[in-house]
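Numbering (this note's numbering), first residue to last: 4 to 259.
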């Protein structure tokens, strides 16, 4: 039943009107982490554009320059490799100092059975609604194909992110982004990584890479007082107007 529902969600997203949608409330490569059945999790995503162009992409948009994206991500393990997630709310603190709730998003993730080491794969479906300040089209969706490999020291993750418009007034074709992560466990409590996020362009015809957005990060994963932390410093290039980006993801222990 769960597999049938997930397949229906994927078909619904693929059949939606197409448009690009940048989900920069989380800058993350999905790996093989998933909650066991009944376990509730909470990750808090904090992303900040420290330097960049700051040009507004359309009238009424909120400038990404010197803006914080602060997003609590709640998750619930369903068993059978399934996990529900809710990004609630999609909040920002803009350069004017004003804190705003800008929308909500939900997701359903599935990972195929796999061992602690070796290959893994899965799928993730997301749908969300945001305010006009973040996107001209309020309803957007994403299908993420998850793949990777890990052993006791090394980890490799690859995500294919297909982004679609669901509803909104502005024509926007479906796009594809490829995100990758290479990590190495230096000590039991520290993993260093390199991440890359690369838009290939519209599905109907990929454009020159110089005309699409790209960013690369160096990251460090560690624990502080029971909190799992991933911190990263990134550089945008290509057509990306965000030159320097700071990201932090904090795993909050809930004790369940």
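C-beta atoms are modelled at their ideal positions from N, C-alpha and C, and glycine is treated no differently.
1. Would you check if the distance between the CB atom of residue 71 and the CB atom of residue 51 is smaller than 8 Å?
2. Please state whether the Cβ-Cβ distance between residue 178 and residue 196 is less than 8 Å.
3. Check for me: the beta strand (DSSP E) holding residue 149 runs from which residue to which?
4. What residues match up with residue 184 in a beta bridge as DSSP calls it?
5. Would the beta-carbon of residue 241 fall within 8 Å of that of residue 217?
6. Under three-state DSSP, which class holds residue 233?
7. Rounded to the nearest angstrom, how far is the Cβ of residue 32 from that of residue 162, given a contact under 8 Å?
8. Here's the rule: buried if 16 or more other CB atoms are within 10 angstroms of the residue's CB, otherwise exposed. What is residue 84?
9. Check whether the Cβ atoms of residue 176 and residue 206 lie closer than 8 Å to each other.
10. On the three-state DSSP scale, how would you describe residue 137?
11. State the start and end residues of the unbroken beta strand (DSSP E) segment that holds residue 75.
12. Check whether the segment 164-175 and the segment 183-192 are in contact - that is, three or more C-beta pairs closer than 8 Å.
13. Taking the straight line between their C-alpha atoms, what separation do you get for residue 40 and residue 143?
14. Within a Cβ cutoff of 7 Å, which residues of the same chain sit near residue 243, ignoring the five residues on either side of it in sequence?
15. May I have the straight-line CA-CA distance separating residue 37 from residue 86, to the nearest angstrom?
16. Which residue's Cα is closest to the Cα of residue 204: 220, 180, 135 and 133?
17. Taking the straight line between their C-alpha atoms, what separation do you get for residue 245 and residue 62?
18. Which runs of the beta strand (DSSP E) spanning at least 3 residues fall entirely within the segment 206-257, listed in chain order?
19. Enumerate in chain order the residues of its own chain whose CB-to-CB distance from residue 239 is below 8 Å, with the five nearest sequence positions on each side excluded.
Based on what the coordinates show:
1. As a position in the chain shown, residue 71 is number 68, starting the count at 1. As a position in the chain shown, residue 51 is number 48, starting the count at 1. Yes. Within cutoff.
2. Against the chain shown, residue 178 aligns to sequence position 175. Against the chain shown, residue 196 aligns to sequence position 193. No. Outside cutoff.
3. In the chain shown, counting from the first residue as 1, residue 149 sits at position 146. Following the DSSP letters along the chain, one finds residue 149 inside the beta strand (DSSP E) bounded by residues 142-153.
4. Residue mapping note: residue 184 aligns to position 181 of the chain shown, counting from 1. Residue 184 pairs with 160 and 198.
5. As a first step, residue 241 must be located in the chain shown, where it is residue number 238. As a first step, residue 217 must be located in the chain shown, where it is residue number 214. Taking the C-beta atoms as reference points, residue 217 is found nearer than 8 Å to residue 241.
6. To locate residue 233, count along the chain shown from 1; it is residue 230. Three-state DSSP puts residue 233 in a strand.
7. Residue mapping note: residue 32 aligns to position 29 of the chain shown, counting from 1. Residue mapping note: residue 162 aligns to position 159 of the chain shown, counting from 1. Going by Cβ atoms, the distance from residue 32 to residue 162 rounds to 6 Å, so yes, they are a contact pair.
8. Your numbering for residue 84 matches position 81 in the chain shown. It is buried - the Cβ of residue 84 has at least 16 other Cβ atoms within 10 Å.
9. Here the question's residue 176 lines up with position 173 in the chain shown. Here the question's residue 206 lines up with position 203 in the chain shown. Yes.
10. For the purposes of this step, residue 137 is taken as residue 134 along the chain shown, with counting starting at 1. Three-state result, residue 137: coil.
11. Counting from one through the chain shown, the residue named residue 75 turns up at place 72. Counting along the chain, the beta strand (DSSP E) containing residue 75 begins and ends at 71-82.
12. no
13. Translated into the one-based positions of the chain shown, residue 40 becomes position 37. Translated into the one-based positions of the chain shown, residue 143 becomes position 140. In a straight line, the C-alpha of residue 40 is about 28 Å away from that of residue 143.
14. Walking along the chain shown from the start, residue 243 turns up at place 240. Apart from the 5 residues on each side of it in sequence, residue 243 sits with its Cβ closer than 7 Å to the Cβ of 216, 217 and 218 in its chain, given in chain order.
15. As a working note, residue 37 is residue 34 in the chain shown. As a working note, residue 86 is residue 83 in the chain shown. Near 7 Å, if we compare the C-alpha coordinates of residue 86 and residue 37.
16. As a first step, residue 204 must be located in the chain shown, where it is residue number 201. Among 220, 180, 135 and 133, the Cα nearest to that of residue 204 is on 180.
17. Within the chain shown, numbered from 1, the residue matching residue 245 stands at position 242. Within the chain shown, numbered from 1, the residue matching residue 62 stands at position 59. Distance between the alpha carbons of residue 245 and residue 62 is about 18 Å.
18. 216-227, 230-241 and 245-255
19. Locating residue 239 in the chain shown gives position 236, where the first residue counts as 1. These residues qualify, in order along the chain: 55, 216, 217, 218, 245, 246, 247 and 248.
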